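Taken in order, these protein sequences are the chains called A and B. With my numbering applied, the first sequence covers 715 to 826. With my numbering applied, the second sequence covers 68 to 179. Note that the Cβ used here is the ideal one computed from N, Cα and C, for glycine as well. All values derive from a computational prediction rather than experimental measurement. Data first, discussion second: the structure below is written as structure tokens.
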Amino acid sequence: AQSVTQLGSHVSVSEGALVLLRCNYSSSVPPYLFWYVQYPNQGLQLLLKYTTGATLVKGINGFEAEFKKSETSFHLTKPSAHMSEAAEYFCAVSRNAGKSTFGDGTTLTVKP
Amino acid sequence: DAGVIQSPRHEVTEMGQEVTLRCKPISGHNSLFWYRQTMMRGLELLIYFNNNVPIDDSGMPEDRFSAKMPNASFSTLKIQPSEPRDSAVYFCASLALNTEAFFGQGTRLTVV
Numbered sequence: 715a716q717s718v719t720q721l722g723s724h725v726s727v728s729e730g731a732l733v734l735l736r737c738n739y740s741s742s743v744p745p746y747l748f749w750y751v752q753y754p755n756q757g758l759q760l761l762l763k764y765t766t767g768a769t770l771v772k773g774i775n776g777f778e779a780e781f782k783k784s785e786t787s788f789h790l791t792k793p794s795a796h797m798s799e800a801a802e803y804f805c806a807v808s809r810n811a812g813k814s815t816f817g818d819g820t821t822l823t824v825k826p
Numbered sequence: 068d069a070g071v072i073q074s075p076r077h078e079v080t081e082m083g084q085e086v087t088l089r090c091k092p093i094s095g096h097n098s099l100f101w102y103r104q105t106m107m108r109g110l111e112l113l114i115y116f117n118n119n120v121p122i123d124d125s126g127m128p129e130d131r132f133s134a135k136m137p138n139a140s141f142s143t144l145k146i147q148p149s150e151p152r153d154s155a156v157y158f159c160a161s162l163a164l165n166t167e168a169f170f171g172q173g174t175r176l177t178v179v
């Protein structure tokens, strides 16, 4: 069985500030981990993914996430938030990139 | 490739009517997923297919919901009869082996 917990359903940061969105997972086998972003009235788009290899994963638009097995975490970070990045962010876990289990999502608000 | 294509983008129907949502996955992808998204319940997996065969339909809420995938390039999700509580955004996603899921733009269903 696998599950995902996103800590904080809403995160608010000022423009230019650090973005940190938290994700913890549970999986009985080595997981594949994903972060997706959803802008209003759109589908989910992949930001980055971890499958194997390097635990620090870089995605689009300066986002990064680090797979920490000991902490069962895959937190998403970005050094400097931009207004255009206000959206909902989903963490997901899967086994061998098959059926994914999604977290409840975190809404990111960026204040001017 | 144009990505995952869903139709219609918006559907408004009266309670009791039959609704059919359509999805064209990305060519070459062998898995297809139907999700439902609401404010109350977030993103829920309804059913997924592997090589056109339904693998897990445990998320289908009731017998009023049915899904088919007659070939690798087309799937439908049908609700008959529809009810107001079915109002949601329905997403289709497809993936190839060992890749991430690609989502369509969604169908916003309103049942009045």
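Cβ neighbour criterion (16 or more within 10 Å) applied to B/M136: So B/M136 counts as buried.
Distance, A/A779 Cα to B/Q213 Cα: With chain B represented from 68 up to 179, any question about residue 213 of chain B goes unanswered, as that position is not in the structure.
Proximity test, Cβ basis, 8 Å: B/D124 and chain A: no
Distance between beta carbons of A/A795 and A/V718, contact taken as under 8 Å: Going by Cβ atoms, the distance from A/V718 to A/A795 rounds to 23 Å, so no, they are not a contact pair.
Endpoints, the beta strand (DSSP E) within which B/D123 is located: V120 to D123
Interface residues of the region 800-819 of chain A facing chain B [CB-CB below 9 Å]: F804, A806, S808, N810, A811, G812, K813, S814, T815, F816, G817, D818 and G819
Rounded straight-line distance, which links the Cα of B/N138 to that of B/G70: 17 Å
Integer-rounded CB distance, given that A/Q756 should sit under 8 Å from B/Q73: Between A/Q756 and B/Q73 the Cβ distance is about 12 Å, and since that is not below 8 Å, they are no contact.
Extent of the continuous beta strand (DSSP E) run through A/Y764: L758 to Y764
Cross-chain neighbours of A/K763 in chain B, by beta carbon under 8 Å: E167
DSSP three-state assignment for B/E81, whether helix, strand or coil: coil
Closer than 8 Å to chain B by CB, A/G757: yes
CB contact check: B/F116 to chain A, cutoff 8 Å: no
With 16 other Cβ atoms within 10 Å as the buried cut-off, status of A/H724: exposed
Residues that A/L760 contacts on chain B, provided the C-beta gap is smaller than 7 Å: E167
Contact check, B/G95 vs B/S149, beta carbons under 8 Å: no
Below-8 Å beta-carbon distance, A/F781 vs any chain B residue: no
8 Å Cβ cutoff, A/F788 in contact with chain B: no
Reference A/Y753; option with closest CA among A/S808, A/K813, A/G773 and A/M797: A/M797
Under 7 Å by beta carbon: chain B residues contacting A/F777: In chain order: nothing, as chain B lies at least about 14 Å away.
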